[in-house]
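*Asks:* In terms of the working numbering, the sequence shown has 711 at position 319, counting the first letter as 1, and numbering is strictly consecutive.
Just so you know, even glycine gets a beta-carbon here, dropped at the ideal spot from N, CA and C.
For reference, the structure I am asking about is given below.
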Amino acid sequence: MPVEIKNRAPLILDKIASLTTIRDIDIFEFSFMKTLANMLNVNEISMYKFNNASEPSRMIKYSSDTEITAGTKITDEVRELYLENIDIPDALNSAIEWIKSTGKVYSTQTGDKFLTIYPISGPNNTTIGYLSVSLLHERSESENLIIKSLLNISENFHSLLEENQKDKLTGLLNRKTFDESISKIRDLISFSPSAKAYSGSENRTDKGSYQYWLSLIDIDHFKKINDSFGHIYGDEVLLMLSQIMNKAFRPNDLLFRFGGEEFIVIAKTSNKDEATNIFQRFRETMEHFIFPQVGQVTVSMGATEIKGQYMISSDIVGRADKALYHAKSNGRNKLYFYEDLVSKGLIEDEIEHEGDIELF
């Protein structure tokens, strides 16, 4: 073992122990990048993630600048999270081609900066992203070994975190992660440039006026499917529905199996019309899909906007459930929005009537 690595071994083990106590993927990825930056004196690290369609779906950047003022060491950290409109630099495109053709790590020098790009492995050794490390000096063998070792450990632990957050049958996010996702959305909605996240300053691309819409999806007559064809075919319907969801919705929409035959999708849109088009497109896709042996399977959907001061997950789902119940009671294979039903007087808005409750 090289002397440099041997001397750093206790530090590396401490960092690994610290990282593996984290149970949130976002915080874990930022912490992993900060750990590498601190250990290697790296100015900037970027992580690019790709979806199943090989499209960029997530980009994280960590950079730090340290200066000493009046004998005090001050470190300014910037952490950026991009979920859309991700620009892929030319160097990364070149790196992807190089890595695919050679199976080796990509390195290049521009001016006084040395750029190294490592592939990030996912299930079944598929490449799901790339780690870009920018140094002001040419990386040593020991530094390369540190990066590769930490990257391998982070990949394994990241897989465990993802497995813990996903439904075993469908691969969609599970109900346990739903509350956490609502909490993150609440933070995004209330986010301002002066807010602090992950203990550093964070810049997001979500600077426009966006809305978040939740739709509760229920398979029509699912009990009849199980009774008529058996639970094996019932599970097959659930699995194929999840695959249709992955294709029908956008890479950054959040897809959950909420329980049994109920699913949830959360979509970020510019307006209600866009949300309506997204949800209706999925409902119509389901209506026209022919399932093996079972035939046509339809879904009923109830939707609502995630907004306001009281964004408790149970309340949000409760509103969507009222709209879903209306869809079920009016012929099924329909989509209704809670807000529309309230405005038409078809259901009562619980929030408006909270003040009418008499306490004694």
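What do you reckon, are the CB atoms on T690 and Y730 nearer than 8 Å?
*Replies:* As a working mapping, residue 690 is identified with position 298 in the sequence shown. As a working mapping, residue 730 is identified with position 338 in the sequence shown. No, the Cβ-Cβ distance between T690 and Y730 is not below 8 Å.
*Asks:* Measure from the alpha carbon of G563 to the alpha carbon of each residue in E555, F570, T569, then state which is nearest.
*Replies:* On the sequence shown, residue 563 is found 171 positions in, with the first residue counted as 1. Among E555, F570, T569, the Cα nearest to that of G563 belongs to E555.
*Asks:* Across which residues does DSSP place M439 in a beta bridge pair?
*Replies:* Taking the first residue of the sequence shown as 1, we reach residue 439 at position 47. Partner(s): I452, L523.
*Asks:* Report yes or no: do the segment 626 to 646 and the segment 543 to 552 share at least 3 C-beta pairs separated by less than 8 Å?
*Replies:* No, the segment 626 to 646 is not in contact with the segment 543 to 552.
*Asks:* Helix, strand or coil for R642 per DSSP?
*Replies:* Numbered from its first residue, the sequence shown carries residue 642 at position 250. Coil, per DSSP.
*Asks:* Going by DSSP, what residue range makes up the beta strand (DSSP E) through Q603?
*Replies:* Against the sequence shown, residue 603 aligns to sequence position 211. Run containing Q603: 603 to 611, per the beta strand (DSSP E) assignment.
*Asks:* Using the DSSP secondary-structure output, state which residues sit across from T502 in a beta bridge.
*Replies:* For the purposes of this step, residue 502 is taken as residue 110 along the sequence shown, with counting starting at 1. Partner(s): K505.
*Asks:* With D657 as the anchor, note down where its beta strand (DSSP E) starts and where it stops.
*Replies:* Taking the first residue of the sequence shown as 1, we reach residue 657 at position 265. The question names Asp, but residue 657 in the sequence shown is Val. Taken as a continuous stretch (DSSP letters only), the beta strand (DSSP E) holding V657 covers 654 to 661.
*Asks:* So, with DSSP's three-state summary, where would you put L716?
*Replies:* On the sequence shown, position 324 is the one that residue 716 refers to. It is helical.
*Asks:* Can you grab the Cα-Cα spacing for the pair L507 / E530, in whole Å?
*Replies:* Within the sequence shown, the letter at position 115 stands for residue 507. Within the sequence shown, the letter at position 138 stands for residue 530. Whole-angstrom Cα-Cα distance: 9 Å.
*Asks:* Can you find the residues in the same chain that come closer than 6 Å, C-beta to C-beta, to D482, ignoring five residues on each side of it along the sequence?
*Replies:* As a first step, residue 482 is located in the sequence shown; it is residue number 90 there, counting from the start. Taken in chain order, the list of residues that qualify is empty.
*Asks:* Got a sec? Which residues, its chain only, sit under 7 Å from I491 by beta carbon, not counting five neighbours each side?
*Replies:* Translated into the one-based positions of the sequence shown, residue 491 becomes position 99. Here the set comprises Y498, P511.
*Asks:* Decide if R649 is buried, meaning its Cβ has at least 16 other Cβ atoms within 10 Å, or exposed.
*Replies:* The residue labelled residue 649 in the question sits at position 257 within the sequence shown. That one is buried.
*Asks:* Keeping to the same chain, check which residues put their C-beta closer than 6 Å to that of I739; ignore five residues upstream and five downstream.
*Replies:* Here the question's residue 739 lines up with position 347 in the sequence shown. Within the same chain, I739 has close Cβ partners K714, L733.
*Asks:* Do T420 and R471 have their C-beta atoms within less than 8 Å of each other?
*Replies:* As a first step, residue 420 is located in the sequence shown; it is residue number 28 there, counting from the start. As a first step, residue 471 is located in the sequence shown; it is residue number 79 there, counting from the start. Residue identity check: residue 420 is Phe in the sequence provided, not Thr. It is not a contact, given that the beta carbons lie outside the stated cut-off.
*Asks:* For Y728, list the residues DSSP reports as bridge partners.
*Replies:* Walking along the sequence shown from the start, residue 728 turns up at place 336. According to DSSP, which records beta bridges pairwise, Y728 is partnered with G694.
*Asks:* In its own chain, which residues sit with a C-beta less than 6 Å from the C-beta of F674, not counting the 5 before and 5 after it?
*Replies:* The residue given as residue 674 occupies position 282 in the sequence shown. Answer for F674: A640, listed in chain order.
*Asks:* Alpha carbon to alpha carbon, how far is G737 from I656?
*Replies:* Within the sequence shown, numbered from 1, the residue matching residue 737 stands at position 345. Within the sequence shown, numbered from 1, the residue matching residue 656 stands at position 264. Distance between the alpha carbons of G737 and I656 is about 25 Å.
*Asks:* Inspect the beta-carbon positions of I708 and E654 and report whether they are closer than 8 Å.
*Replies:* Against the sequence shown, residue 708 aligns to sequence position 316. Against the sequence shown, residue 654 aligns to sequence position 262. Their beta carbons are not under 8 Å apart, which means I708 does not touch E654 by this criterion.
*Asks:* Near L565, which residues of its chain fall below 8 Å by C-beta distance, leaving aside the five closest residues on each side in sequence?
*Replies:* Mapped onto the sequence shown, residue 565 falls at position 173. Correct list, in chain order: Q557, K558, D559, S573, L646, L647, F648, R649.
*Asks:* Helix or strand or just coil, what does DSSP make of S513?
*Replies:* Residue mapping note: residue 513 aligns to position 121 of the sequence shown, counting from 1. Looking at S513 - three-state DSSP - the assignment turns out to be strand.
*Asks:* Does the beta-carbon of K496 have 16 or more other beta-carbons within 10 angstroms, so that it is buried, or is it exposed?
*Replies:* For the purposes of this step, residue 496 is taken as the residue at position 104 of the sequence shown. It is exposed - the Cβ of K496 has fewer than 16 other Cβ atoms within 10 Å.
*Asks:* Please say whether K426 and S438 have beta carbons closer to each other than 8 Å?
*Replies:* Here the question's residue 438 lines up with position 46 in the sequence shown. Here the question's residue 426 lines up with position 34 in the sequence shown. No, they are not a contact pair.
*Asks:* Starting from F683, follow its DSSP beta bridges and name the residues at the other end.
*Replies:* Looking up residue 683 in the sequence shown gives position 291. Paired residues: G687.
*Asks:* Would a check of beta-carbon distances place K615 closer than 8 Å to chain D?
*Replies:* Looking at the structure shown, chain D is missing, and only one protein chain is on hand.
*Asks:* Is the Cβ-Cβ distance between L606 and I670 less than 8 Å?
*Replies:* If you number the sequence shown from 1, residue 606 lands on position 214. If you number the sequence shown from 1, residue 670 lands on position 278. No, Cβ-Cβ distance for L606 and I670 is not below 8 Å.
*Asks:* Between I509 and the rest of its own chain, which residues show a CB-CB distance below 6 Å, the 5 nearest in sequence each way excluded?
*Replies:* Working through the sequence shown from its first residue, we reach residue 509 at position 117. A487, Y498, Y522, S524, listed in sequence order.
*Asks:* Cutting at 8 Å between CB atoms, please list the residues of its own chain near N548, excluding the five before and the five after it.
*Replies:* Reading the sequence shown from its first residue, position 156 is the one you call residue 548. Same-chain partners within the cutoff: there are none.
*Asks:* Any idea what DSSP makes of G626, helix, strand or coil?
*Replies:* Along the sequence shown, read from residue 1 onward, the residue named residue 626 stands at position 234. G626: helix per DSSP, three-state reduction.
*Asks:* Measuring only the C-alpha atoms, how far is R719 from I611?
*Replies:* For the purposes of this step, residue 719 is taken as the residue at position 327 of the sequence shown. For the purposes of this step, residue 611 is taken as the residue at position 219 of the sequence shown. Per the sequence presented here, residue 719 reads as Ala, with Arg not at that position. Between A719 and I611, the C-alpha separation is close to 12 Å.
*Asks:* Express the C-alpha separation of Q603 and N595 in angstroms, rounding to a whole number.
*Replies:* As a working mapping, residue 595 is identified with position 203 in the sequence shown. As a working mapping, residue 603 is identified with position 211 in the sequence shown. Confidence at N595 is low in this model, with a pLDDT of 42, below 50, so its placement is unreliable and no value can be given for it.
*Asks:* First and last residue of the alpha helix (DSSP H) that includes K616?
*Replies:* Start at 1 with the first residue of the sequence shown, and residue 616 comes out as number 224. 614 to 621 is the extent of the alpha helix (DSSP H) around K616.
*Asks:* CB-CB under 7 Å to L561, same chain, minus the five flanking residues each way: which ones, in chain order?
*Replies:* Your numbering for residue 561 matches position 169 in the sequence shown. D627, L630, L631, listed in sequence order.
*Asks:* For G687, count neighbouring Cβ atoms within 10 angstroms of its own Cβ and tell me buried if that reaches 16, exposed if not.
*Replies:* Looking up residue 687 in the sequence shown gives position 295. Looking at its Cβ environment, which holds fewer than 16 other Cβ atoms inside 10 Å, G687 is exposed.
*Asks:* Along the chain, where does the alpha helix (DSSP H) that runs through H550 open and close?
*Replies:* To locate residue 550, count along the sequence shown from 1; it is residue 158. H550 -> alpha helix (DSSP H) spans 533 to 557.
*Asks:* Using the Cα positions of I383 and N544, report the straight-line distance between them to the nearest angstrom.
*Replies:* Limits of the chain in this structure are 393 at one end and 752 at the other, which puts residue 383 out of reach.
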